[in-house]
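A.B. asks:
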Ligand SMILES: [Zn+2]
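In the working numbering, the protein residues as written are 4 to 306.
1) I need the straight-line Cα distance from residue 71 to residue 39, nearest angstrom please.
2) With respect to 8 angstroms, is the separation between the Cβ of residue 241 and the closest non-hydrogen atom of ligand 1 below this value?
3) Using the C-alpha atoms, what's the distance from residue 228 back to residue 198?
4) Do the CB positions of residue 148 and residue 189 come within less than 9 angstroms of each other?
5) Taking 8 angstroms as the threshold, find out whether the region 23-41 comes into contact with the region 101-109 through three or more Cβ pairs.
6) Give a single yes or no on whether residue 13 has its beta carbon closer than 8 angstroms to a heavy atom of ligand 1.
7) Out of 114, 67, 93, point me to the one whose CA is closest to residue 57's CA.
8) Any contact between the region 178-194 and the region 134-151? By contact I mean 3 or more CB pairs, one from each, below 8 angstroms.
9) Using alpha carbons as the reference points, say which of 69, 95, 53, 108 lies closest to residue 84.
10) What are the boundary residues of the alpha helix (DSSP H) that includes residue 189?
11) When you compare the CB positions of residue 252 and residue 211, do they come within less than 9 angstroms of one another, or not?
12) Could you spell out where the beta strand (DSSP E) holding residue 99 opens and where it closes?
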């Protein structure tokens, strides 16, 4: 297991895109600063999707324009799913982007209206253009471990996509269990194969805890050589286009677990828990994460 593990906090994107409450740009900026203060080094703050499609992400351009100071402090990223989104990101001066496609034909069609082949063509142009603009690209494969519409996803399809994205010039590669269907043996097998293709390119893992296997998958991924882990405060998250897709693994829970395992993330889980609690108060219902509740209740001594 690597000891330099980076946590990419995606609560502001994957988390907030799934809740009905729309938080203000000002509030998102405050949380961005709180996350930096908590020691988070990578933050995904939004998604350049069609503004009408996901209203909670409509202020992504504004967020980028207003976070130039924060972008000098830590890695601030956004998600772009098509050329139009990339053009907006370039216009906002984004320095780091997540550009992804799906390994499931049905999910690809529902999410972007494109077949995998069409998505591959577009993503190549996007990566080339982004690199021309000196934007670092993390390329992701959604539904890499299964799809609610199609069931099993062929591992060869995922490995071919990984190879393709690297050939397009991706700086980092990420496998996403968008639907929370992965299991640890599968994660171990897939990550090892992807690493053998990717060489020195850092590999990330994006996990949802839909079937309660998220943290077991995290452990499998870390042992297999993953160095970037996506999490969301309070375990918020899900895909608006996948029914029943629930939260990401929770940042504070992951930080606590890694801390006990001797992996220093540099993140203060108490400060993350404070954000989760603030969001819980506004939403009026508990978030899936567990550590922020334990910290709040102060019922159990933590070691
Ligand atoms: Zn996700």
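Ideal Cβ positions, reconstructed from N, Cα and C, are used throughout, including at glycine. These numbers come from a predicted model, not from an experiment.
C.D. replies: According to the data block:
1) Taking the chain shown and counting its residues from 1, the one referred to as residue 71 is at position 68. Taking the chain shown and counting its residues from 1, the one referred to as residue 39 is at position 36. The straight-line gap from Cα to Cα measures roughly 13 angstroms.
2) Position 238 of the chain shown, counted from the first residue, corresponds to residue 241. Answer for residue 241: yes, Cβ within range of ligand 1.
3) On the chain shown, residue 198 is found 195 positions in, with the first residue counted as 1. On the chain shown, residue 228 is found 225 positions in, with the first residue counted as 1. Spanning the two alpha carbons is a distance of roughly 8 angstroms.
4) Walking along the chain shown from the start, residue 148 turns up at place 145. Walking along the chain shown from the start, residue 189 turns up at place 186. Yes, the pair counts as a contact, with Cβ atoms nearer than the cut-off.
5) Here the region 23-41 makes no contact with the region 101-109; the two share fewer than three CB pairs at distances below 8 angstroms.
6) If you number the chain shown from 1, residue 13 lands on position 10. Correct: residue 13 has its Cβ closer than 8 angstroms to ligand 1.
7) Taking the chain shown and counting its residues from 1, one reaches residue 57 at position 54. It is 114.
8) Contact between the region 178-194 and the region 134-151 is present, because at least three Cβ pairs lie under 8 angstroms.
9) If you number the chain shown from 1, residue 84 lands on position 81. Closest in alpha carbon position to residue 84, among 69, 95, 53, 108, is 53.
10) As a position in the chain shown, residue 189 is number 186, starting the count at 1. Counted as a single uninterrupted DSSP element, the alpha helix (DSSP H) harbouring residue 189 occupies residues 187-201.
11) Mapped onto the chain shown, residue 252 falls at position 249. Mapped onto the chain shown, residue 211 falls at position 208. Residue 211 sits close to residue 252, with the two beta carbons spaced by under 9 angstroms.
12) On the chain shown, position 96 is the one that residue 99 refers to. Where residue 99 is concerned, the enclosing beta strand (DSSP E) stretches over 99-105.
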